[in-house]
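First up is the structure itself, then whatever we jot down about it.
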Amino acid sequence: MNHPDRTDPSVTDTLQSIFDQGCETFKQNVAFTCDKQNLTYPELEQSSKHFAAYLQTHTHLSPGDRIAIQLPNCIAYPIVAWGALRAGLVLVNINPLYTKSELAHIYKDSGAKALILLSSSVELVSSFVSETDISTLVCLSNVPPTHQPQSISAVDFQEALQQGSKCQFQPVSAKADDMALLQYTSGTTGLSKGAILTHRNLISAARGFWDATEIFEPGNETFVAPLPLYHVYAFVAHIVLGVAYGVTSVLITNPRDIKAFTAALEKVPFSLFVGINTLFSALCQDEQFKKLDFSGLKFTLSGGMALDLSIARRWQALTGCEINEGYGLTESSAGVIVNRGKQCRREGSVGKPVDGVEIKIVGDKGQSLGVGERGELHLKGNQVMQGYWQNPGATDAVLKDGWLATGDIAKVDEDGFVYIVDRIKDMLIVSGFNVYPAEIEHVVNLMDGVLECAVVGGKTQDSNQTVQLFVVLKDNTLDTGTILAHCQRNLAAYKVPKVIKVIDTLPKSPVGKILKRMLKPD
Numbered sequence: 189m190n191h192p193d194r195t196d197p198s199v200t201d202t203l204q205s206i207f208d209q210g211c212e213t214f215k216q217n218v219a220f221t222c223d224k225q226n227l228t229y230p231e232l233e234q235s236s237k238h239f240a241a242y243l244q245t246h247t248h249l250s251p252g253d254r255i256a257i258q259l260p261n262c263i264a265y266p267i268v269a270w271g272a273l274r275a276g277l278v279l280v281n282i283n284p285l286y287t288k289s290e291l292a293h294i295y296k297d298s299g300a301k302a303l304i305l306l307s308s309s310v311e312l313v314s315s316f317v318s319e320t321d322i323s324t325l326v327c328l329s330n331v332p333p334t335h336q337p338q339s340i341s342a343v344d345f346q347e348a349l350q351q352g353s354k355c356q357f358q359p360v361s362a363k364a365d366d367m368a369l370l371q372y373t374s375g376t377t378g379l380s381k382g383a384i385l386t387h388r389n390l391i392s393a394a395r396g397f398w399d400a401t402e403i404f405e406p407g408n409e410t411f412v413a414p415l416p417l418y419h420v421y422a423f424v425a426h427i428v429l430g431v432a433y434g435v436t437s438v439l440i441t442n443p444r445d446i447k448a449f450t451a452a453l454e455k456v457p458f459s460l461f462v463g464i465n466t467l468f469s470a471l472c473q474d475e476q477f478k479k480l481d482f483s484g485l486k487f488t489l490s491g492g493m494a495l496d497l498s499i500a501r502r503w504q505a506l507t508g509c510e511i512n513e514g515y516g517l518t519e520s521s522a523g524v525i526v527n528r529g530k531q532c533r534r535e536g537s538v539g540k541p542v543d544g545v546e547i548k549i550v551g552d553k554g555q556s557l558g559v560g561e562r563g564e565l566h567l568k569g570n571q572v573m574q575g576y577w578q579n580p581g582a583t584d585a586v587l588k589d590g591w592l593a594t595g596d597i598a599k600v601d602e603d604g605f606v607y608i609v610d611r612i613k614d615m616l617i618v619s620g621f622n623v624y625p626a627e628i629e630h631v632v633n634l635m636d637g638v639l640e641c642a643v644v645g646g647k648t649q650d651s652n653q654t655v656q657l658f659v660v661l662k663d664n665t666l667d668t669g670t671i672l673a674h675c676q677r678n679l680a681a682y683k684v685p686k687v688i689k690v691i692d693t694l695p696k697s698p699v700g701k702i703l704k705r706m707l708k709p710d
């Protein structure tokens, strides 16, 4: 279906304006589909308006207040998110699998006054919600009376929509530099921090990716969405970019259920697949997934963690579409560096910066480094956050004159392609040498019998660091001796693991990232 030409979202736009434009331009299209449910653009516009009206008339929320969304991928998510944004509220994305302490920290730190959640989460939340500023609970599916929090009443989502349909929605004006999203980082060190992301940040991130690829047609694309929308990577791809360009997003609620995942794609002519390394690995091993029709697949994007080249090659052999690795982080509104397909792609690289993003490689003394030299990656652009919420110390540690210190060690080649070497915090110092776990992991993953692996640092009695390797095998054809011999042949002596452990699975976050902190010795 062809659609009239439209102006690309501008960095002076707001999310409300691109939403209005998208819903009007692509009103014949399905916006989201999930578990055999379709949500068209007119339905998204109408339902989100009703939810916005409910928030405006049945709660004490005002524009600028924070509203927490604690949901998995589901049809309700875009309705809630866009309804809240249209009411002028600031979204706080929360992983529904978080523990009580993790939830309590984000509720309190953000000052959220409303919470949207599954009814199955109400019992846990009710035990401490009175200690927060939350005064409104909206639940998906009715809440059993025994689980009703005593301090506040929980309203069913469908009831909220019905009540909102009887109220007058009042459009809220916003500015490009207003906060739209308070996105909490994973908190690899200490408590998680809320990155302040504005309308300008999120729109710039969406437009940067769309313009970089140059292969998609507005209104004619279907994106697979296996990553959770509460993650900034997926939020920008599907909630912001998707709606701006009339995309149909196929929401996958549980990507670990490969059977259901594959079934959801059997009759869908998908053109873009957004995933991470561990997901690509799992899908390439599934017999039913191998039978899918990949003829419409134009672009596969990998981010969130390092892409293993052996997995990338398996994916391309299976689907006929290469994986384009990209790079971004919460503080940069997701992707800001990306490979751009056959014409601008380099294996092993995360690509080149999108238009408007500047980068530099910085040495230990703050000096700019040259081609091929390893140092910390710094970046600058409209995608970079405004700072951490109510945390000036943490903000000053990573932001200076608009430059964001990423905490990642990288290098740039003579053609401008960026290579991520490792996280600074993951780097080991062994016998005075810098050792990068990602390099060792790459060597080990080249072995046919290895499914995945992770390298962390251990300590000797004299407090020197050592290399510890954890391996998950595809079968029982390998042993630790064979793995050690392979490492000795392919790595300098100081990089060879001193400890090799074969385990059944690696600990992972709900997004699929390997949690190395859980492998490190106490």
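Plus 188 on top of the position in the sequence shown (first one is 1) and you've got my numbering. No residue lacks a Cβ here, since even glycine has one placed at the ideal position from N, Cα and C. Quick caveat, the model's predicted, so the values are computed rather than measured.
With distances taken from CA atoms, which of Leu592, Ser250 and Ser329 is nearest leucine 306? Ser329
What does the Cβ neighbour count give for arginine 677, buried or exposed, with the cut at 16 atoms within 10 Å? exposed
Contact set for tryptophan 591: own chain, Cβ-Cβ below 6 Å, skip 5 residues either direction: His566 and Lys568
Reduced DSSP secondary structure (H/G/I, E/B, other) of aspartate 610: strand
Helix, strand or coil for asparagine 512, going by three-state DSSP, please let me know. strand
Quick one: what does DSSP say methionine 493 is sitting in, helix, strand or coil? coil
Beta-carbon separation (whole angstroms), tyrosine 295 vs threonine 320, contact threshold 8 Å: 4 Å
Complete beta strand (DSSP E) runs within the stretch 213-301 (minimum length 3 residues, chain order): 218-222, 225-228, 254-258 and 278-281
Between the alpha carbons of phenylalanine 605 and lysine 540, how many angstroms are there, rounded? 5 Å
Would you check if the stretch 385-394 and the stretch 228-238 touch, i.e. whether three or more CB-CB distances between them fall below 8 Å? no
Run the CB neighbour count on proline 709, radius 10 Å, all protein chains shown included, and call it buried at 16 or more, exposed below. exposed
Does the stretch 515-533 come close enough to the stretch 652-670 to have 3 or more Cβ pairs within less than 8 Å? no
Would you say isoleucine 391 and valine 428 are within 8 Å of each other, going by their C-beta atoms? yes
Taking the C-alpha atoms as reference points, what is the distance between glutamate 311 and threonine 441? 22 Å
Just to confirm, are glutamate 513 and valine 542 a CB contact at a threshold of 8 Å? no
When DSSP labels each residue in this structure, what does glutamate 519 get in the three-state scheme? helix
Just to confirm my understanding: we take serine 236, look at its own chain, exclude 5 residues before and 5 after, and list those with CB closer than 7 Å. What are they? Ile267, Trp270, Gly271 and Arg274
Does the stretch 246-260 come into contact with the stretch 469-481, if we say contact requires no fewer than three beta-carbon pairs (one atom in each stretch) closer than 8 Å? no
Do glycine 276 and valine 360 have their CB atoms nearer than 8 Å? yes
Could you give the first and the last residue of the continuous beta strand (DSSP E) run that contains valine 623? 621-623
I'd like the span of the alpha helix (DSSP H) that includes alanine 425, first residue to last. Where alanine 425 is concerned, there is no enclosing alpha helix (DSSP H), given that its DSSP letter is neither H nor E.
Is serine 498 helix, strand or coil when you go by DSSP? helix
Going by DSSP in three states, cysteine 355 sits in which element: helix, strand or coil? coil
Let me make sure I understand the geometry here. Which of Asp496, Gly575 and Val690 has the alpha-carbon closest to that of alanine 626? Asp496
According to DSSP, is glutamate 640 part of a helix, a strand, or is it coil? strand
May I ask which residues mark the beginning and end of the alpha helix (DSSP H) holding glutamate 602? First-last for glutamate 602: undefined, no H or E at that position.
What does the alpha-carbon distance come out to for the pair asparagine 217 and glycine 407? 7 Å
For cysteine 327: DSSP bridge partner residues: Leu305 and Asp344
Let me know the secondary structure DSSP gives glycine 529 once reduced to three states. coil
If you reduce the DSSP assignment to three classes, tell me which class tyrosine 682 lands in. helix
With a threshold of 16 other CB atoms inside 10 Å of the CB of glycine 508, please say whether the residue is buried or exposed. exposed
Cβ pair valine 618, threonine 654 closer than 8 Å: yes
Secondary structure of proline 580, DSSP reduced to three states: helix
What's the call for asparagine 283, buried or exposed, on a 16-neighbour Cβ count within 10 Å? buried
Spatially closest choice to phenylalanine 316 from Glu290, Thr693 and Leu460, by CA coordinates: Glu290
Cα-Cα separation, alanine 292 to lysine 455: 41 Å
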